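A.B. asks:
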Amino acid sequence: MTTSTATRVFLARLAGIGVFDPNGDQLGKVRDAIVVLRSGNNPPRLTGLVVEVQPRRRIFVPMTKVTNIDTGQIIVTGTVNLRRFEQRPNETLVTAEILDRTVELLAVGEQVSVLDMAVEQNRAQDWLVSQLFVRKGGHGFRRRGERFIVQWPEIHGLSLPIADQPAELLLASLETLPAADIAAVLHDLTPKRRLEVARELDDERLADVLEELPEDDQVEILQMLEAERAADVLEEMDPDDAADLISGLPKAQAEDLLERMEPDEAEDIRRLLTYDDFSAGGMMTTEPVVLPADATVADALAHIRNADLSPALASQVYVTRSPTETPTGKYLGACHFQRLLREPPATMISSIVDTTLVPIGPNVNLADVARTFAAYNLVALPVVDENNRLLGAVTVDDVIDHMLPGDWREKEVHGGDHLG
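According to the UniProt record's numbering, the residues represented by the sequence shown are 1 to 420, in order.
And the structure:
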């Protein structure tokens with residue numbers, strides 16, 4: 001049962017089942033699940049799993065890494081951070097802290113014990129608690145109380161008092177907003193309040209919001225976060241945005257954060273920091289969609305369906321010799337998504353590669369990059385080195401971002417109105 005089609009997962013039943021990578025190798029076993037309790041009627045949100053790996057180390061696996069859940073196994077994708085799990089103040093362990101906890105049935109005012117929690121995925125791909133499996137108190141010698149399932153709105157006792165989490169009510173009102181709108185709200189808060197809200201956001205959401213904030217706000221928030229948390233957030237950011245943010249930090253702090261990051265993520269950022277901010281290398285992302293020549297149209301379409309890709313990055317697939325991690329092997333060309341849609345799924349992308357899209361070098365300046373985009377009506381442009389290895393891609397939003405005044409985000413949040 002994949003996360004895209006799952007209807008319900010009971011968290012206590014996950015304890016002890018194996019966690020595997022896409023190749024079928026076991027990483028470890030689930031030991032607990034982590035939820036974030038929220039205020040009012042907002043159901044808790046499942047943020048990740050505590051997984052025990054060898055030798056008896058417990059790590060955190062975010063739900064964004066989980067691609068498949070069933071009763072026998074969990075499949076994760078991408079690089080898993082092997083740092084030892086440390087519970088944060090806003091996190092609650094389901095098995096250790098919630099099971100056997102007493103809650104109230106609102107309809108009758110009766111106390112029941114929590115035996116399990118069910119989560120379901122909403123349209124925003126968040127896992128939210130939808131039901132509780134509960135037990136009434138038994139009566140008489142060795143008598144067990146009735147067990148049954150209740151819907152989340154039918155119980156009271158697992159929500160946070162607003163006084164305990166001062167940022168919680170604000171977060172509830174922001175939850176469905178785009179990252180740019182949350183950034184606009186944060187910009188107008190006091191530094192103390194801004195940090196409270198930032199700390200309650202999960203790593204991926206905070207990374208998205210930081211990318212939309214003015215540089216001063218980005219630096220302020222990152223410097224006030226605990227160093228390990230700051231490194232985790234930087235790993236979730238697009239490499240070009242993370243490089244821009246790190247370049248604004250004191251040298252010693254920047255180096256400390258890079259040392260705490262996963263080596264592959266840090267290497268990408270170090271490489272970007274060698275280029276001028278207003279060059280193709282300084283603007284590019286090091287994580288475009290790259291596939292080998294023997295990949296099929298079906299493979300390419302599966303990759304650009306990734307919801308985390310921006311429309312500009314999803315507009316084309318770059319084809320290279322091995323390796324396909326940047327810097328890649330020899331760059332062969334690009335496949336545009338419209339062409340992919342017109343071809344049979346089994347077609348090899350090497351047969352439909354567009355070689356007329358001429359890549360640029362990393363030291364090309366902003367003005368020349370902008371002229372190339374305008375002249376050829378582009379939304380993305382490959383960047384290669386002197387050996388024709390793909391280094392990354394510049395997207396049209398990167399170009400516009402660098403062409404606007406440095407304070408454009410601040411002007412937007414103060415005076416921008418939303419249409420609708």
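Cβ coordinates follow ideal geometry from the N, Cα and C atoms, glycine included.
As the structure is a prediction and not an experimental result, all values here were calculated from the model.
What's the gap between the Cα of Pro44 and the Cα of Pro359?
C.D. replies: Their backbone Cα atoms lie some 47 Å apart in a straight line.
A.B. asks: Give me the Cα-Cα distance between Glu97 and Phe10, rounded to the nearest whole angstrom.
C.D. replies: When rounded, the distance between both Cα atoms is 16 Å.
A.B. asks: Within 8 Å, do at least three Cβ pairs link the stretch 176 to 185 to the stretch 211 to 219?
C.D. replies: The stretch 211 to 219, when compared against the stretch 176 to 185, does touch it at the 8 Å Cβ threshold.
A.B. asks: On the premise that Thr324 lies in contact with Leu391, defined as a C-beta separation below 8 Å, what is that separation, rounded to the nearest angstrom?
C.D. replies: Not quite, the Cβ-Cβ distance comes to about 13 Å (not below 8 Å), so this is no contact.
A.B. asks: State the CB to CB distance for the pair Arg8 and Glu120, rounded to an integer number of angstroms; the pair is presumed to be in contact (CB under 8 Å).
C.D. replies: Contact holds; Cβ gap of about 5 Å.
A.B. asks: Measuring CB to CB, does Trp152 end up less than 7 Å from Val134?
C.D. replies: No; because the gap between Cβ atoms is not below 7 Å, this pair is not in contact.
A.B. asks: Which of the three DSSP states, helix, strand or coil, is assigned to Thr5?
C.D. replies: Any reading at Thr5 is ruled out, since the residue's pLDDT is 43, under 50, leaving its predicted position unreliable.
A.B. asks: Quick check: the stretch 265 to 280 against the stretch 295 to 304, are there 3 or more CB pairs under 8 Å?
C.D. replies: No, the stretch 265 to 280 does not touch the stretch 295 to 304.
A.B. asks: Which same chain residues end up closer than 7 Å to Asp299 when comparing Cβ atoms and leaving out the 5 residues on each side of it in sequence?
C.D. replies: Excluding positions up to five away in sequence, the list reads Leu291.
A.B. asks: Three-state secondary structure (DSSP) at Ala266?
C.D. replies: Note: Ala266 maps to helix in three-state DSSP.
A.B. asks: Who are the Cβ neighbours of Gln253 in its own chain at under 8 Å, not counting the five residues just before and after it?
C.D. replies: So the qualifying residues of the chain are Gln223.
A.B. asks: Whose C-beta lies closer than 6 Å to the C-beta of Ile233 among residues of the same chain, with five residues either side of it excluded?
C.D. replies: First, the residue type needs correcting, since residue 233 is Val and not Ile in the sequence shown. Taken in chain order, the residues that qualify are Asp203, Leu206, Ala207.
A.B. asks: Are Leu93 and Val114 touching if we call contact CB-CB under 7 Å?
C.D. replies: For Leu93 and Val114, no; Cβs fall outside 7 Å.
A.B. asks: Within 10 angstroms of the Cβ of Thr79, are there 16 or more other Cβ atoms? Answer buried if so, exposed if not.
C.D. replies: By the neighbour-count rule (16 or more Cβ atoms within 10 Å), Thr79 is not buried but exposed.
A.B. asks: One question on the structure: do Thr389 and Thr296 come within less than 7 Å of each other, judged by their Cβ atoms?
C.D. replies: Thr is not the amino acid found at residue 389; the sequence shown has Arg there. No, these two residues do not count as a Cβ contact at 7 Å.
A.B. asks: Write down the C-beta distance between Leu258 and Arg270 rounded to the nearest angstrom, noting that I regard them as a contact closer than 8 Å.
C.D. replies: Their Cβ separation, rounded to whole angstroms, is 7 Å, which keeps Leu258 and Arg270 in contact under 8 Å.
A.B. asks: In this structure, does DSSP put Thr324 in helix, strand or coil?
C.D. replies: DSSP places Thr324 in coil when its eight states are reduced to three.
A.B. asks: Taking the alpha-carbon positions, what's the residue 429 to Val35 distance?
C.D. replies: Limits of the chain in this structure are 1 at one end and 420 at the other, which puts residue 429 out of reach.
A.B. asks: Under DSSP, the alpha helix (DSSP H) around Leu247 begins and ends at which residues?
C.D. replies: What sits at residue 247 in the sequence shown is Ser, not Leu. Counting along the chain, the alpha helix (DSSP H) containing Ser247 begins and ends at 239 to 247.
A.B. asks: In whole angstroms, what is the alpha-carbon distance linking Thr47 and Ser351?
C.D. replies: Cα to Cα, the separation comes out at about 42 Å.
A.B. asks: So, is Phe148 buried or exposed, given that buried needs 16 or more other C-beta atoms within 10 angstroms?
C.D. replies: Exposed is the call here.
A.B. asks: So, helix, strand or coil for Thr95, using DSSP?
C.D. replies: Helix at Thr95.
A.B. asks: Residues in the same chain with beta-carbon distance under 7 Å from Lys65, minus the five sequence neighbours each way, listed in chain order, please.
C.D. replies: For Lys65, where only same-chain residues beyond five positions count, the Cβ hits under 7 Å are Val76, Thr77, Gly78, Val80.
A.B. asks: Based on Cα-Cα distance, which residue from Arg84, Val103, Leu201, Asp25 lies nearest to Glu91?
C.D. replies: The candidate whose alpha carbon is nearest that of Glu91 is Leu201.
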